[in-house]
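Asks: Protein chains in written order, with this note's numbering: chain Z, 1 to 152; chain P, 1001 to 1152. Here a beta-carbon is modelled for each residue, glycine too, at the ideal position from N, C-alpha and C. All figures in this text were calculated on a predicted structure; none of them were measured in a lab.
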DNA sequence: ACTATATTGAAAATGGTTTCCATTATCAAT
DNA sequence: ATTGATAATGGAAACCATTTTCAATATAGT
């Protein structure tokens, strides 16, 4: 029993200090179901603490990514997007469906168990065959949503 | 019967002109099994025609991507990488296994039929459920290769 | 509170990609 | 083959997400 919330404990476990910018960014990620970019996170963060700099946001996100606390994605719009690894707002395991026009991202969970099973099997074989230590995979579907395709 | 090679025909079909930089870039992509970046393509292209500019390489690759002739990927190393959609050097359908240290990319085809079947099924359901017109998907595995992990 | 040390913020640098624009090449019509 | 309308090109400069630099500040164990 440390008395610390889970995510703050995680910082301690890695010998990291619990600073205000880190708290602010954790809280903000905890309360969104979106895939925010560094700039979006920065603009949200300064509402809570106007002195937070964009540099710190980048550094903090990278740090969280390094310790596995956030996932970092590229959905093809020239900026990284982040989501908390264990987000109470989301289903634990999901993959992504991206509208290449409006950049809306749907977290889908359909067939996710089946997918996961196949991914695990594939991961095992690939690890052995190519001698890779695999730690992560992504599945992205790209398309155009109804809203961006009004006719038909 | 047009008399043109397939890929050149494709340019005509889209009302595009067959210029030297485009020919050079097509040929070079046809003869590699790698996932080249724009700069790598540029450095290769100027061996054939030194007057080709980097700008044109970017424009040409984007054009080819728009008409579906090349695939454009982000493997997390801060630059886009390209491969010909139908490359005689490669298995038609494959997915990617990326070493996050040395950035080697393995095209794997293991379980690709099983994967494809599941992807098609998933794609169908997602299309209907979320009303997306899906045209593309990616599966990336990320890990570290033996070479980058010498001990054990 | 004090101190060693990690962290921060602002400004400048970086680097892949895009834009601008004057020049040049392509190709359909002659 | 030549012409002319138009698309494509190349170089320089701009763009913009991200990183680096460095002096100032905050954190956490004592």
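Where does residue 1037 of chain P sit, in a helix, a strand or coil, going by DSSP?
Replies: In the structure shown, residue 1037 of chain P sits in a strand (DSSP, three-state: E or B).
Asks: Any Cβ of chain Z within less than 8 angstroms of the Cβ of residue 1093 of chain P?
Replies: It does not: the Cβ of residue 1093 of chain P has no partner Cβ on chain Z nearer than 8 angstroms.
Asks: Between Z/6, Z/48, Z/8 and Z/137, which has its C-alpha nearest residue 94 of chain Z's C-alpha?
Replies: Among Z/6, Z/48, Z/8 and Z/137, the Cα nearest to that of residue 94 of chain Z is on Z/137.
Asks: Does DSSP put residue 1099 of chain P in a helix, a strand or coil?
Replies: DSSP places residue 1099 of chain P in strand when its eight states are reduced to three.
Asks: Report yes or no: is there a C-beta of chain Z within less than 8 angstroms of the C-beta of residue 1143 of chain P?
Replies: It does: the Cβ of residue 1143 of chain P has a partner Cβ on chain Z nearer than 8 angstroms.
Asks: For residue 1106 of chain P, decide whether its Cβ has a neighbour in chain Z, counting only Cβ atoms nearer than 8 angstroms.
Replies: True, the Cβ-Cβ gap to chain Z drops below 8 angstroms.
Asks: Please classify residue 1139 of chain P: is it buried, with 16 or more other beta-carbons within 10 angstroms of its beta-carbon, or exposed?
Replies: With 16 or more other Cβ atoms within 10 Å, it is buried.
Asks: By a C-beta neighbour count over all protein chains shown, 10 Å radius and 16 as the cutoff for buried, is residue 135 of chain Z buried or exposed?
Replies: Exposed is the call here.
Asks: Do residue 1142 of chain P and residue 1098 of chain P have their C-beta atoms closer together than 8 angstroms?
Replies: Yes. Within cutoff.
Asks: Using beta-carbon positions only, say whether residue 21 of chain Z and residue 55 of chain Z come within less than 8 angstroms of one another.
Replies: It is not a contact, given that the beta carbons lie outside the stated cut-off.
Asks: Counting only beta-carbon atoms, is residue 66 of chain Z nearer than 8 angstroms to chain P?
Replies: It does not; no Cβ of chain P falls within 8 angstroms.
Asks: Nearest to residue 178 of chain Z by CA position, among Z/32, Z/14 and Z/147, is which residue?
Replies: This structure leaves residue 178 of chain Z out entirely; chain Z is present only between 1 and 152.
Asks: Using 8 angstroms as the limit for Cβ to Cβ distance, is residue 1125 of chain P near chain Z?
Replies: Output row for residue 1125 of chain P: interface = yes.
Asks: Find the nearest neighbour of residue 125 of chain Z within the set P/1107, P/1082, P/1111 and P/1088, judged by alpha-carbon distance.
Replies: Residue P/1111 is the option with its Cα nearest to residue 125 of chain Z.
Asks: State yes or no: is the C-beta of residue 1058 of chain P within less than 8 angstroms of the C-beta of residue 1038 of chain P?
Replies: Yes, the Cβ-Cβ distance between residue 1058 of chain P and residue 1038 of chain P is below 8 angstroms.
Asks: Residues of chain P with CB under 8 angstroms from residue 118 of chain Z, in chain order?
Replies: Near residue 118 of chain Z (Cβ distances below 8 angstroms), the residues of chain P are 1111, 1114, 1115 and 1118.
Asks: Look up residue 1147 of chain P in the DSSP assignment and give the residues it is bridged to.
Replies: Partner(s): none; residue 1147 of chain P has no beta bridge.
Asks: With a Cβ-Cβ cutoff of 8 angstroms, do residue 1090 of chain P and residue 1074 of chain P count as a contact?
Replies: No. Outside cutoff.
Asks: How many whole angstroms separate the CB atoms of residue 115 of chain Z and residue 1122 of chain P, which I take to be in contact at a CB cut-off of 8 angstroms?
Replies: About 7 angstroms separates the two Cβ atoms, so the contact holds.
Asks: Below 9 angstroms between beta carbons is the criterion; list the residues of the segment 1042-1055 of chain P that meet it against any residue of chain Z, in chain order.
Replies: Of all residues in the segment 1042-1055 of chain P, none has a Cβ within less than 9 angstroms of some Cβ in chain Z.
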